[in-house]
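Undergrad:
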Amino acid sequence: MIFSKKKIIIAYTIEKCSKCGMQRKREFIDGDYLFSESSKCNSCDGTTKIEKIFGEELE
Ligand SMILES: [Zn+2]
2 MIFSKKKIII AYTIEKCSKC GMQRKREFID GDYLFSESSK CNSCDGTTKI
52 EKIFGEELE
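This note's numbering applies: residue 2 is where the sequence shown begins, and numbers increase by one.
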């Protein structure tokens, strides 16, 4: 059997809280860009910033 290999790349965003250092991985959303303020931290009252955006391949 032959499968045509189709690769799907899923983009992820890593958010990091500048106050407590908590990191969270979530799926990339349109409009995300590096070092922008993203959302409220879950564990303190700080704000998370986007630390990294990367793609992962799904096979
Ligand atoms: Zn925090």
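Each residue gets a CB set at the ideal place from its N, CA and C atoms; glycine is no exception.
Is Ser39 close to ligand 1? I mean its beta-carbon at under 7 Å from any heavy atom of the ligand.
TA: no
Undergrad: According to DSSP, is Cys18 part of a helix, a strand, or is it coil?
TA: strand
Undergrad: Quick one, which of Cys21, Ile11 and Lys53 has its alpha-carbon nearest Leu59's?
TA: Ile11
Undergrad: Checking the sheet assignment: what are the DSSP bridge partners for Ile62?
TA: Residue 62 lies beyond the residue range present for the chain, which begins at 2 and ends at 60; the question has no answer from this structure.
Undergrad: Just to confirm, are Glu62 and Glu28 a CB contact at a threshold of 8 Å?
TA: Any property of residue 62 remains undetermined from this structure, which presents the chain solely from 2 to 60.
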